[in-house]
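Below: the structure, in structure tokens.
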Amino acid sequence: MSMSEFDRRLHNDDDAWLDSCLRAQGLPEDFSEEDLAFARELGTLFPADQDELPPYFAQTLLDADNTRYQEAPRGLEQRTQARVFRRLKLRRRLFRSAKRNRWRLPSLLPPLHLHRSLVAFGMACLLFMLVSMLATGNAFANGLLFLFVGPHTGVVQSHTPQTEVSHQSEHKTTDEPEHLSLPDVQRLLHFPFYYAFEWPPNFHTESVSLIQRPGQEWTDGPILKLVATYNRPGIKPHGVGEIAIWQFKPRVKVVQSVSLGSVHELKVGPDGKAAIIVNGKWMPLQDSNAHKWVYNGYSELIFEKNGVIFWIQGDVRDGVTQDRLVSIAENLKPFDVEAALRYNAPFNHIWQTFDYPSWMQNAQLVDSDSSDGPYLIVPPPDYPPYPSNRVR
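Residue 213 in UniProt numbering sits at position 213 of the sequence shown; the count goes up by one each step and never skips.
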């Protein structure tokens with residue numbers, strides 16, 4: 001229909017006839033004058049008496065068999081999308097598995113894109129866990145629990161001693177101990193000589209000795225033992241009356257065999273160096289070769305400093321509490337040999353002995369094929385098991 005024809009019909013004089021037809025068909029009660037004007041305008045555009053309907057009206061209803069008006073077949077959208085991406089040379093996963101989508105995380109989480117470095121890191125962690133399980137499987141099976149507080153020192157906890165425990169103080173040899181000078185001591189030691197310049201009340205330095213066992217390969221040089229005794233006139237100590245400090249430089253890891261639950265960790269010094277406190281010791285049962293862990297006041301502090309292992313032993317009954325042991329450890333300073341030669345040394349003699357303690361004889365070197373190298377299991381160092389009877 002052209003615009004001229006539209007204008008001609010719009011201003012036709014047959015409006016009265018059209019209004020009469022509309023009223024004859026019946027108008028709704030809420031039909032306003034504007035609605036009537038709109039109906040009149042539609043009548044001028046598509047006269048119903050001439051069967052002139054809107055374009056494609058008859059075709060969409062009457063020509064239903066035409067493929068142009070049929071419903072789109074299933075999958076048309078996916079095929080069209082695939083054709084577009086193929087023509088544009090784009091890579092994209094067009095179809096997703098319904099089973100996979102069922103187990104996807106909520107859409108609130110962003111998708112994770114795994115890079116090769118992340119996958120390699122995960123595989124390395126998995127391999128490390130597997131090797132650790134294989135390396136420590138026997139230890140777990142035997143009820144062993146290792147606790148390290150340094151590269152070379154720690155404890156192994158178990159229900160029974162992992163080495164032979166002897167309460168003989170030392171193994172005698174025919175050689176007499178030799179008196180050493182301070183320069184000789186510094187020459188024999190492969191680490192600085194650490195000395196405790198502050199002792200708990202009523203304790204004083206009694207002896208300093210170097211233990212040099214022939215064929216001893218697990219230490220770098222001799223072992224130094226520093227002993228302070230309880231010295232209060234007329235008073236007998238309630239405990240063993242002795243504080244012992246062992247120090248040596250190891251070649252392998254050295255761990256003490258202690259009872260399960262007898263140790264706990266703590267920090268020593270301003271730098272928070274890791275340390276272990278051991279409470280109690282192995283004691284033999286009567287008429288038996290078995291041993292039992294006894295909490296008899298014995299206490300020991302274990303830590304490592306500058307590659308040197310320190311074992312500090314004391315008795316709580318003599319007032320050597322955990323805080324006292326920590327204080328002794330924090331006051332250990334390198335001994336100035338030159339200054340001691342100019343002034344009086346705080347001790348009279350230093351002895352070199354070849355009478356090695358029993359704990360050194362009972363040391364057991366194990367796991368020599370381990371990737372971390374061998375380690376040595378030793379019983380706690382020799383220490384008087386019973387209170388002293390000395391009266392100063």
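For every residue, glycine included, the Cβ atom is placed at its ideal position computed from N, Cα and C. Just so you know, these numbers come straight off a predicted model, no measurement behind them.
What span of residues does the beta strand (DSSP E) with residue i cover, start to end?
i: Glu206; result: 203-211
i: Thr353; result: 350-353
i: Glu242; result: 242-248
i: Arg82; result: Checking the sequence shown, residue 82 turns out to be Ala, not Arg. Not the beta strand (DSSP E): Ala82 falls in the alpha helix (DSSP H), residues 76-87.
i: Leu147; result: 145-148
i: Ala228; result: 223-230
i: Ala196; result: 194-196
i: Gln364; result: 364-366
i: Ile377; result: 375-378
i: Gly154; result: 153-158
Just grab the DSSP bridge partners of residue i for me.
i: Trp359; result: DSSP, once it has assigned bridges, lists no residue as partnering Trp359.
i: Val263; result: Val278
i: Glu304; result: Ile309
i: Trp218; result: Answer is none; Trp218 lacks a bridge partner.
i: His179; result: Trp351
i: Met283; result: Lys292
i: Gly314; result: Ser299
i: Pro161; result: Paired residue(s): none; Pro161 is not in a bridge.
i: Val268; result: Lys273
What separation, rounded to the nearest whole angstrom, lies between the Cα atoms of residue i and residue j?
i: Gly150; j: Ala275; result: 8 Å
i: Leu108; j: Gln157; result: Here the model assigns Leu108 a pLDDT of 46, short of 50, so the residue's position is not dependable, and the following value carries that caveat. C-alpha separation (whole angstroms): 48 Å.
i: Lys249; j: Arg116; result: 44 Å
i: Phe303; j: Pro233; result: 33 Å
i: Phe335; j: Ala196; result: 9 Å
i: Val255; j: Glu178; result: 30 Å
i: Thr67; j: Arg86; result: 26 Å
i: Leu144; j: Gln361; result: 22 Å
i: residue 405; j: Lys305; result: The first residue shown for the chain is 1 and the last is 392, placing residue 405 beyond what the model contains.
i: Tyr343; j: Ala290; result: 51 Å
i: Val366; j: Val155; result: 14 Å
i: Arg83; j: Glu71; result: 20 Å
i: Pro28; j: Ala39; result: 12 Å
i: Thr229; j: Gly272; result: 29 Å
i: Gly261; j: Ser181; result: 43 Å
i: Thr80; j: Asp65; result: 24 Å
i: Gly280; j: Gly122; result: 43 Å
i: Asn331; j: Glu198; result: 6 Å
i: Ala340; j: Ser288; result: 50 Å
Provide the residue span of the alpha helix (DSSP H) that contains residue i, from first to last.
i: Pro183; result: 182-188
i: Thr44; result: 33-45
i: Val337; result: 337-342
i: Ser327; result: 322-330
Compute the beta-carbon to beta-carbon distance between residue i and residue j, rounded to the nearest angstrom, for a pair I have assumed lies under 8 Å.
i: Ser299; j: Val268; result: Actually they do not touch by this definition, with Cβ atoms about 14 Å apart.
i: Glu210; j: Leu226; result: For clarity, residue 210 is Leu in the given sequence; the question names Glu instead. The Cβ separation is near 11 Å, so there is no contact.
i: Gly297; j: Ile243; result: With 8 Å as the limit, Gly297 and Ile243 do not qualify as a contact, their Cβ atoms being about 13 Å apart.
i: Val185; j: Tyr375; result: Not confirmed; about 28 Å, so no contact.
i: Ile377; j: Gln216; result: The pair is not a contact, with the Cβ atoms about 16 Å apart (cut-off 8 Å).
i: Phe310; j: Thr205; result: Phe310 to Thr205, Cβ: 16 Å. No contact.
i: His190; j: Gly221; result: 4 Å
Taking 6 Å as the cut-off, is the C-beta of residue i nearer than that to any heavy atom in the ligand NAD?
i: Gly241; result: Inclusion of the ligand NAD in the displayed structure is not the case, the ligand content being empty and no account of it being possible.
Does the beta carbon of residue i sit closer than 7 Å to a beta carbon anywhere in chain C?
i: Asp382; result: This model lacks chain C altogether, as it is built from one protein chain only.
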